[in-house]
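Let me begin by presenting the structure, written as structure tokens, before commenting on it.
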Amino acid sequence: MTSTRAALAALVTCTTALALMGASAPAPYPPASKGDPWPQGTVRTVGKLVAQLPGGQVESCSAAIVDSPSGSVVATAAHCISSPQRPREPLAMYFQPGYRGADAAAAGSRAGKGTASGPGRGDGPKNVLAHGWKVASWKTAPGWDSGKDLESVLPYDWAFLRMHKRGGRTIQDVYGANKLRTEPVRGGATATLGYPASAPYDGETLHYCSGKAHQYRSGEIAEANVGALALRCRLTQGVSGGPWLRGIDRARGAGTLVAVTSVGSDDELLGRPYPRSARALFKEFGAVHKKG
């Protein structure tokens, strides 16, 4: 991938063909990491997002549930929906919180019970398409325009998804949710989570990077990425849209979402904070609706 200090950085989606994918101070949580598997295996409110594309392809991203009046909102990156490299929107999108792969096939219970991803775990994107929660609609940032060049729209690389209910229950009813914090967001202790799907990873296990995030200022990086949060991180394609969390409660599997993964290089990821202007959009999009 290209350096994030260049004019552009590489989007970290993953597109594949759909085959027939005294007291001492307490230890920090989570521990510092540049790409380790998540210590508890999964996080209830974080999952794998799969877009079904024309021509039998799928694209894998990551996403997280955010607290809303409707209980049906998920946060991700705008380029997981469309981008200058892939202008056409998906035919459909599905999201599975707490996704776990083949090595955990015997653990947890079926989807909708709030623990694991259900029958067929380990089948990657096909499993999420078959058993994940279906996205009812989506809303990208007003400034996101996949018809423009990437550099000009990168500052708007954030989006919200609204999920269909299951059995009258919302996705937040089942799994819980993270609090959304909009800008101003400063650097500080942060963890970013996602499902990397390019080598050496396989998209089946939740990985994370954690440490003190740096917020880029003007003059330090290309203007398109000024204001972004940065972490030293080795995670690869598939983590796009994954949450940047603070104050994670390990029992609830939730914290405060301060950004979503936007772009990256071989050793660094950038998180895109939700701007203050996103509050009004989120309030409208996350309101209670009679249907869905």
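All the letters of the sequence shown, read from the start, carry residue numbers -19 to -1, 1 to 273 under mature numbering (1 follows the signal peptide of the UniProt record, and there is no 0).
A virtual CB, placed ideally from N, CA and C, is assigned to each residue, including glycine.
In this text the structure is predicted, and so the values were computed from the model without any measurement.
Nearest CA to the CA of residue i: which residue from the options?
i	options	result
Ala235	Arg257, Ala178 and Pro11	Pro11
Arg231	Asp183, Ser41 and Ala172	Ala172
Trp139	Ser14, Gly267 and Arg253	Arg253
Arg25	Ser51, Gly37 and Arg81	Arg81
Phe141	Pro18, Gly52 and Leu251	Gly52
Ala56	Arg67, Arg162, Arg215 and Gln33	Arg162
Arg69	Leu216, Ala261, Ser127 and Gln38	Ser127
Pro106	Val241, Thr(-7), Arg213 and Ser118	Thr(-7)
Ala45	Gln38, Val31 and Gly37	Val31
Gly37	Pro71, Val54 and Val47	Pro71
Tyr137	Ala209, Ile152, His188 and Pro165	Ala209
Thr217	His195, Arg233 and Gly184	Gly184
Gly190	Trp225, Tyr182, Arg167 and Val166	Reading the sequence as shown, one finds Cys at residue 190 and not Gly. Checked all of Trp225, Tyr182, Arg167 and Val166; the closest Cα to Cys190 is Trp225.
Gly267	Pro9, Ala117, Tyr197 and Gln33	Ala117
Arg233	Gly79, Arg67, Cys61 and Gln33	Gly79
residue 276	Val47, Pro9 and Arg67	What is shown of the chain runs -19 to 273, which leaves residue 276 out entirely.
Asp247	Pro181, Asn108 and Thr151	Pro181
Pro9	Gly219, Leu262 and Ile229	Ile229
Val47	Cys61, Ile152, His145 and Arg147	Ile152
Look at the Cβ atom of residue i, then the Cβ atom of residue j, and state whether they are nearer than 8 angstroms.
i	j	result
Ser221	Ser63	no
Arg257	Val239	no
Pro177	Lys129	no
Val134	Gly124	yes
Asn206	Leu251	yes
Ala59	Ala122	yes
Tyr13	Gly192	Looking at the sequence provided, one finds Ala at residue 13 rather than Tyr. The answer is yes: Cβ separation under 8 angstroms.
Lys15	Cys214	yes
Pro18	Thr242	no
His195	Ala211	yes
Arg167	Val54	no
Glu132	Tyr255	no
Are there 16 or more other CB atoms within 10 angstroms of the CB of residue i, so buried, or fewer, so exposed?
i	result
Ser49	buried
His270	exposed
Gly169	exposed
Ala(-1)	Its pLDDT being 49, under 50, Ala(-1) is placed unreliably by the model, and nothing is read from it.
Ser199	exposed
Pro20	exposed
Gly99	Per-residue confidence for Gly99 stands at a pLDDT of 40, beneath the threshold of 50, marking its modelled position as unreliable; no derived number is given.
Glu249	buried
Gly245	buried
Glu40	buried
Lys120	buried
Arg260	exposed
Lys264	exposed
Identify the residues that DSSP records as bridge partners of residue i: which are they?
i	result
Val166	The partner list for Val166 (beta bridge, DSSP) is empty, contrary to what the question assumes.
Ser14	Ser191
Val31	Ser41 and Tyr75
Lys120	Phe141
Thr173	Cys190 and Trp225
Ile202	Ser199
Ile152	Answer is none; Ile152 lacks a bridge partner.
Trp114	Phe76
Val(-8)	Paired residues: none, contrary to the question.
Arg213	Glu249
Val244	Leu(-9) and Leu251
Ala56	Ala45 and Phe141
Asp230	Ala235
**Asked** Are three or more beta carbon pairs between the segment 111 to 119 and the segment 66 to 75 nearer than 8 angstroms?
**Response** Enough Cβ pairs lie closer than 8 angstroms, so yes.
**Asked** Is the segment 152 to 165 touching the segment 23 to 37 in the sense that three or more CB pairs, one from each, lie closer than 8 angstroms?
**Response** Under the Cβ criterion (8 angstroms, minimum of three pairs), the segment 23 to 37 counts as touching the segment 152 to 165.
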